[in-house]
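Q:
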Amino acid sequence: MEIKGETATADVAGTRKEISLRLLDGAGVGDFVIIHAGFAIEKLDTARALETLKLIEEITRP
8 MEIKGETATA
18 DVAGTRKEIS
28 LRLLDGAGVG
38 DFVIIHAGFA
48 IEKLDTARAL
58 ETLKLIEEIT
68 RP
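Under my numbering, think of the first position of the sequence shown as 8, with each following residue one higher.
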């Protein structure tokens, strides 16, 4: 993730997306965040983020 002011460029499943950090304090480069409607809304610790990504992969796998 790259941060410029209240905007960040995030990697979302391999695609770079521009997101707003206006609703979330303390997000930094390398953090995992939940994004909704273009806004980072929650910061996740690494363990929770990896578990969430694993679950998403399991339910979206054909």
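Cβ atoms here follow ideal geometry from the backbone N, Cα and C, with glycine treated the same way.
1) Give the single residue among Ala54, Ile26, Gly33 whose Cα lies nearest to the Cα of Ala44.
2) Check this for me: beta carbons of Leu28 and Ala56, under 8 Å apart or not?
3) Near Lys50, what residues of its chain come up, given a Cβ to Cβ distance below 6 Å and the 5 sequence neighbours on each side ignored?
4) Pro69 to Thr59, Cα distance in whole Å?
5) Report the rounded CA-to-CA distance for Glu64 versus Gly12, giving the unit in angstroms.
A: For this structure:
1) Comparing Cα-Cα distances from Ala44 to each of Ala54, Ile26, Gly33, the minimum goes to Ile26.
2) For Leu28 and Ala56, no; Cβs fall outside 8 Å.
3) If you ignore the 5 residues before and after Lys50, its C-beta comes within less than 6 Å of the C-beta of Ala34, Asp38, Val40, all in its own chain and listed in chain order.
4) Distance from the CA of Pro69 to the CA of Thr59, rounded to the nearest whole angstrom, comes to 18 Å.
5) Those two C-alpha atoms are separated by around 32 Å.
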